[in-house]
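>
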Amino acid sequence: MDETTAPLYRQIATLVEDSIIDGVLKEGQQAPSTHELANFHAINPATARKGLTLLADAEILEKRRGLGMFVQHGAVERIRQRRKADFAASYLAPLVDEAVRLKVDRATLHTLFDQVAESRGLYQ
Numbered sequence: 001m002d003e004t005t006a007p008l009y010r011q012i013a014t015l016v017e018d019s020i021i022d023g024v025l026k027e028g029q030q031a032p033s034t035h036e037l038a039n040f041h042a043i044n045p046a047t048a049r050k051g052l053t054l055l056a057d058a059e060i061l062e063k064r065r066g067l068g069m070f071v072q073h074g075a076v077e078r079i080r081q082r083r084k085a086d087f088a089a090s091y092l093a094p095l096v097d098e099a100v101r102l103k104v105d106r107a108t109l110h111t112l113f114d115q116v117a118e119s120r121g122l123y124q
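Per this note's numbering: the sequence shown = residues 1 to 124.
1. Just to check my reading of the structure: L25 and S19 have Cβ atoms closer than 8 Å, yes? What is that Cβ distance to the nearest angstrom?
2. Tell me whether G51 is buried or exposed, calling it buried when 16 or more other Cβ atoms sit within 10 Å of its Cβ.
3. Go ahead and pull the three-state DSSP assignment for Q30.
4. I'd like the ranges of any beta strand (DSSP E) spanning at least 3 consecutive residues and lying wholly in the region 34 to 95.
5. Would you call the CB atoms of I79 and I60 closer than 9 Å?
6. Measuring only between beta-carbons, confirm whether S19 sits less than 9 Å from chain B.
7. Could you check what DSSP says for D105 in three-state terms: helix, strand or coil?
8. Only counting the same chain, and skipping five residues up and downstream in sequence, which positions put a Cβ closer than 6 Å to that of R49?
9. If we count the other Cβ atoms within 10 Å of its Cβ and call it buried at 16 or more, is A31 buried or exposed?
10. How is the alpha helix (DSSP H) around V16 delimited, first residue to last?
11. A13 and L67: beta carbons closer than 9 Å?
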């Protein structure tokens with residue numbers, strides 16, 4: 001797991017969401033079980049369960065009694081919409097704050113952004 005300030009259960013939820021957005025987990029497909037996540041990440045099963053429950057509450061996963069959790073239809077779009085809404089505050093504001101601290105001018109910031117974006121395949 002990451003050494004972030006986010007609680008482990010939120011990190012688990014984010015990892016599962018990333019798998020959904022990246023197409024590793026498809027809509028309608030069964031999600032990893034609590035025990036699979038707990039064993040793989042060496043965490044308490046209750047922590048993994050809390051992460052999956054968070055996704056069920058957000059209508060990303062659905063519980064099927066006796067079968068496990070499955071990715072809901074429309075989950076990819078729901079995740080993208082929520083993350084886009086949070087994007088400016090979570091990523092752009094801290095970036096601009098740091099640019100101000102470092103006195104990075106607008107043209108340099110644009111150039112740096114374009115270089116990173118191109119290296120990550122954003123403009124393809």
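Idealized CB from N, CA, C, for every residue including glycine.
Small disclaimer: the values here were computed from a predicted structure and weren't measured.
The structure says:
1. That belief holds up - the Cβ atoms of L25 and S19 are roughly 4 Å apart, short of 8 Å.
2. G51 counts as buried, since at least 16 other C-beta atoms from the protein chains shown sit within 10 angstroms of its C-beta.
3. Of the three classes helix, strand and coil, the one that applies to Q30 here is strand, per DSSP.
4. Qualifying beta strand (DSSP E) stretches, in chain order: 61 to 64, 68 to 71.
5. Yes, they are a contact pair.
6. Here there is only one protein chain, and chain B is not present.
7. Note: D105 maps to coil in three-state DSSP.
8. T34, listed in sequence order.
9. Around the beta carbon of A31, 16 or more other beta carbons sit within 10 angstroms, so the residue counts as buried.
10. Per DSSP, the unbroken alpha helix (DSSP H) holding V16 starts and ends at 8 to 21.
11. No; because the gap between Cβ atoms is not below 9 Å, this pair is not in contact.
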